[in-house]
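Respectively, the protein sequence lines represent chains A and B. Every position in the first sequence, counted from 1, becomes a number in the numbering used here once 48 is added. Every position in the second sequence, counted from 1, becomes a number in the numbering used here once 48 is added. A quick write-up on the structure given underneath.
There are 2 protein chains.
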Amino acid sequence: MSRRHEILRRATEVFEKKGVAQTSIGDIAEAVGIKREAIYYYFSNRREILLEIILPLSRELARNMDNILESSQSAREKLQAAIECHLHRYDPGYLEMTVALREDHFFKKDKRLDELRMVWRSYTDGWENLIRQGQENGEFAPDVAPKVVAYGILGMCNWLARWFDPGGEVSIDEIIRTYSLVATVGLVRPECTLKAELSQPGQAMANG
Amino acid sequence: MSRRHEILRRATEVFEKKGVAQTSIGDIAEAVGIKREAIYYYFSNRREILLEIILPLSRELARNMDNILESSQSAREKLQAAIECHLHRYDPGYLEMTVALREDHFFKKDKRLDELRMVWRSYTDGWENLIRQGQENGEFAPDVAPKVVAYGILGMCNWLARWFDPGGEVSIDEIIRTYSLVATVGLVRPECTLKAELSQPGQAMANG
Chain A
49 MSRRHEILRR
59 ATEVFEKKGV
69 AQTSIGDIAE
79 AVGIKREAIY
89 YYFSNRREIL
99 LEIILPLSRE
109 LARNMDNILE
119 SSQSAREKLQ
129 AAIECHLHRY
139 DPGYLEMTVA
149 LREDHFFKKD
159 KRLDELRMVW
169 RSYTDGWENL
179 IRQGQENGEF
189 APDVAPKVVA
199 YGILGMCNWL
209 ARWFDPGGEV
219 SIDEIIRTYS
229 LVATVGLVRP
239 ECTLKAELSQ
249 PGQAMANG
Chain B
49 MSRRHEILRR
59 ATEVFEKKGV
69 AQTSIGDIAE
79 AVGIKREAIY
89 YYFSNRREIL
99 LEIILPLSRE
109 LARNMDNILE
119 SSQSAREKLQ
129 AAIECHLHRY
139 DPGYLEMTVA
149 LREDHFFKKD
159 KRLDELRMVW
169 RSYTDGWENL
179 IRQGQENGEF
189 APDVAPKVVA
199 YGILGMCNWL
209 ARWFDPGGEV
219 SIDEIIRTYS
229 LVATVGLVRP
239 ECTLKAELSQ
249 PGQAMANG
């Protein structure tokens with residue numbers, strides 16, 4: 049591992065543990081086991097280190113979303129692919145993803161963070177477009193706002209930053225399978241959905 | 049508004065804006081427009097203020113969940129009620145809820161925060177039990193881990209802390225309706241679900 053690489057790795061760990069705002073260049077230097085000055089040889093400040101950690105993965109998420117949107121799959125397959133791409137970033141890459149999702153950098157008024165915000169804006173817009181495509185071709189429920197749905201599914205996936213344990217008993221593949229199921233056909237078994245509709249004759253008639 | 053109440057209100061605003069760790073008693077005093085010493089007349093420290101803001105709403109969420117679990121509704125109705133209860137906390141109460149969901153207090157090793165963690169533990173366990181009840185009575189998909197589903201739906205609802213605007217164009221009622229739909233029957237319209245199953249003969253036979 050190069051020195052530059054090692055600094056990024058240790059910085060990610062400290063950012064994740066202490067929060068970006070509470071981390072100093074001194075903390076990062078201590079974690080690497082070098083002097084503060086040695087960090088400045090590679091990076092001019094903390095924000096530069098942060099951006100080098102989270103910009104690449106953010107760009108990759110946005111690029112993957114563009115590819116998914118342009119593919120010829122059904123909307124349901126696109127949705128499953130988007131969930132899979134997003135969740136796969138946690139393993140490996142849990143620490144980087146967790147740091148990327150911290151709110152500090154999204155709300156701070158800082159010109160240099162504009163690029164990061166633009167990438168995430170484009171990625172979130174991609175999710176909205178995916179939902180809209182599915183509504184337009186008749187695959188997805190039409191009477192919900194794409195934005196609200198997009199933020200809901202992203203929230204479901206982003207919440208992993210708060211509970212997922214990369215070495216734990218729940219695998220990313222199991223989470224992908226579960227959240228794809230919830231987002232596409234929901235928790236309620238099909239038989240029960242039909243029963244519920246039959247027991248609401250007014251609504252059943254409105255649908256039929 | 050009593051002085052005590054005013055301190056809590058302003059502290060909530062500052063906590064939400066700056067983060068709990070970066071907020072000093074002096075910041076809160078400044079927001080209220082009184083001296084630091086005047087704050088200490090009501091509260092011994094920052095953590096005490098924080099707990100008085102977020103413990104009541106956390107307890108209320110856990111209590112509501114207990115009531116929902118003990119009710120005689122179907123699992124689907126319970127799930128909808130739980131989503132409704134959780135999301136209703138954002139309006140009014142967006143700032144309090146956002147502060148409550150900040151991660152600082154959940155990871156910090158601090159004895160006084162144990163009560164808060166216990167309340168949230170009980171609340172999260174309630175979500176898991178709700179999913180398990182639905183699986184046991186045959187309403188919910190059986191082959192997913194209740195914990196993963198519970199964290200997913202909670203994540204969907206908790207993510208509002210990052211995007212919801214209480215004065216904006218999307219109402220809490222619309223979000224409740226949307227997330228209830230996603231969690232129960234998913235995004236894909238029933239006709240398309242049937243079609244997808246028919247096009248996978250192996251799976252259709254396994255189900256029949």
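Here a beta-carbon is modelled for each residue, glycine too, at the ideal position from N, C-alpha and C.
CB contact flag (residue 234 of chain B, residue 232 of chain A, <8 Å): Less than 8 Å separates the beta-carbon of residue 234 of chain B from that of residue 232 of chain A.
Contained alpha helix (DSSP H) runs [length at least 4] in the segment 118-187 of chain A, N- to C-terminal order: With a minimum length of 4 residues, the continuous alpha helix (DSSP H) runs that stay inside the segment 118-187 of chain A are 123-136, 142-149, 152-155 and 162-184.
Residue 218 of chain A (DSSP reduced to helix, strand or coil): Coil at residue 218 of chain A, not helix or strand.
Interface residues of chain A facing residue 197 of chain B [CB-CB closer than 8 Å]: Counting only Cβ-Cβ distances below 8 Å, residue 197 of chain B has contacts in chain A at 226, 230 and 235, in chain order.
As assigned by DSSP and simplified to three states, the class of residue 80 of chain A: Collapsing the DSSP output to three states places residue 80 of chain A in a helix.
Collapsed DSSP secondary structure at residue 236 of chain A in the structure displayed: Three-state result, residue 236 of chain A: strand.
Residue 71 of chain A in three-state terms, based on DSSP: Shown here, residue 71 of chain A sits in coil according to DSSP, grouped into three states, outside any helix or strand.
Cβ-Cβ separation, residue 55 of chain B to residue 80 of chain B (assumed contact under 8 Å), whole Å: Right, the Cβ-Cβ distance comes to about 6 Å (below 8 Å), so this counts as a contact.
Span of the alpha helix (DSSP H) around residue 63 of chain B: Counting along the chain, the alpha helix (DSSP H) containing residue 63 of chain B begins and ends at 51-66.
Stretch-stretch touch, CB-based, cutoff 8 Å, three pairs: the segment 165-177 of chain B with the segment 108-121 of chain B: The segment 108-121 of chain B and the segment 165-177 of chain B touch, with three or more beta-carbon pairs separated by less than 8 Å.
Cutoff 8 Å: residue 63 of chain B Cβ touching any chain A Cβ: So, not an interface residue.
Own chain, CB closer than 7 Å to residue 249 of chain B, minus 5 neighbours either side, in chain order: At residue 249 of chain B the pLDDT is 46, less than 50, meaning the model places this residue with poor confidence; the figure from the coordinates comes in the next sentence. Hits under 7 Å: none found.
Cβ of residue 91 of chain B within 8 Å of any chain A Cβ: With its beta carbon at least 8 Å from every one in chain A, residue 91 of chain B lies outside the interface.
Touch test, the segment 209-217 of chain A against the segment 183-192 of chain B, Cβ-Cβ under 8 Å, three pairs minimum: Verdict: no, contact absent.
Assigned secondary structure, residue 86 of chain B (DSSP; H/G/I helix, E/B strand, else coil): Helix.
Inter-residue Cα distance where the pair is residue 67 of chain A and residue 143 of chain A: Rounded to the nearest whole angstrom, the CA to CA distance from residue 67 of chain A to residue 143 of chain A is 12 Å.
Contact with chain E by residue 204 of chain A, beta-carbon distance below 8 Å: Of the chains in the structure shown, none is chain E; the protein chains are A and B.
CB contact flag (residue 190 of chain A, residue 180 of chain A, <8 Å): For residue 190 of chain A and residue 180 of chain A, no; Cβs fall outside 8 Å.
Residue 60 of chain B vs residue 147 of chain B beta-carbon contact at 8 Å: Yes, these two residues count as a Cβ contact at 8 Å.
Neighbouring residues, chain A, relative to residue 218 of chain B (Cβ below 8 Å): Those are 193, 195 and 196, listed as they occur along chain A.
Residue-level contact to chain B via CB, residue 121 of chain A, 8 Å cutoff: By this cut-off, residue 121 of chain A is not an interface position.
Neighbour list for residue 223 of chain B in chain A, Cβ cutoff strictly below 7 Å: Within 7 Å Cβ-Cβ: 196.
Nearest residue (CA-CA) to residue 136 of chain A, options A:240, A:105 and A:192: Comparing alpha carbon positions, the residue from A:240, A:105 and A:192 closest to residue 136 of chain A is A:105.
Chain-ordered residues of the segment 125-139 of chain A with a beta carbon less than 9 Å from chain B: Taking 9 Å as the Cβ-Cβ cut-off against chain B, the residues of the segment 125-139 of chain A that qualify are 127.
Closer than 8 Å to chain A by CB, residue 253 of chain B: The pLDDT assigned to residue 253 of chain B is 40, lower than 50, so where the model puts this residue is not dependable; a value taken from the coordinates is nonetheless given after this. Interface flag for residue 253 of chain B against chain A is unset, since no Cβ pair is found closer than 8 Å.
Distance, residue 89 of chain A Cα to residue 51 of chain A Cα: When rounded, the distance between both Cα atoms is 11 Å.
Cβ separation of residue 198 of chain B and residue 175 of chain B, assumed to be a contact under 8 Å, to the nearest whole Å: Going by Cβ atoms, the distance from residue 198 of chain B to residue 175 of chain B rounds to 4 Å, so yes, they are a contact pair.
Own chain partners of residue 65 of chain A with C-beta closer than 7 Å, once the 5 adjacent residues on each side are dropped: There are no such residues.
Minimum C-alpha distance to residue 263 of chain B - residue among A:145, A:63, A:122 and A:133: Summary: the structure shown does not reach residue 263 of chain B, with chain B confined to residues 49 through 256, and so no result is reported for it.
When A:115, A:120, A:227 and A:94 are compared against residue 161 of chain A, the one with the closest alpha-carbon: With distances taken between Cα atoms, residue 161 of chain A lies closest to A:94.
C-beta neighbour in chain A for residue 250 of chain B, strict 8 Å: The pLDDT assigned to residue 250 of chain B is 44, lower than 50, so where the model puts this residue is not dependable; a value taken from the coordinates is nonetheless given after this. Taking Cβ atoms only, chain A never reaches closer than 8 Å to residue 250 of chain B, which makes this a no.
Beta-carbon proximity check, residue 196 of chain A vs residue 222 of chain B, cutoff 8 Å: At the C-beta level, residue 196 of chain A and residue 222 of chain B come within 8 Å of one another.
Under 8 Å from the C-beta of residue 69 of chain B: neighbouring residues of chain A: Those are 67, 69 and 70, listed as they occur along chain A.
Near-chain B residues of the segment 163-189 of chain A (beta-carbon distance less than 8 Å), N- to C-terminal order: Here the close residues are 179, 182, 186, 187, 188 and 189.
Chain A within 8 Å of residue 256 of chain B, Cβ atoms only: Note that residue 256 of chain B scores a pLDDT of 33, beneath 50, so its modelled location is shaky and nothing firm can be said.
Boundaries (first-last residue) of the alpha helix (DSSP H) holding residue 194 of chain B: Unbroken alpha helix (DSSP H) run through residue 194 of chain B: 194-206.
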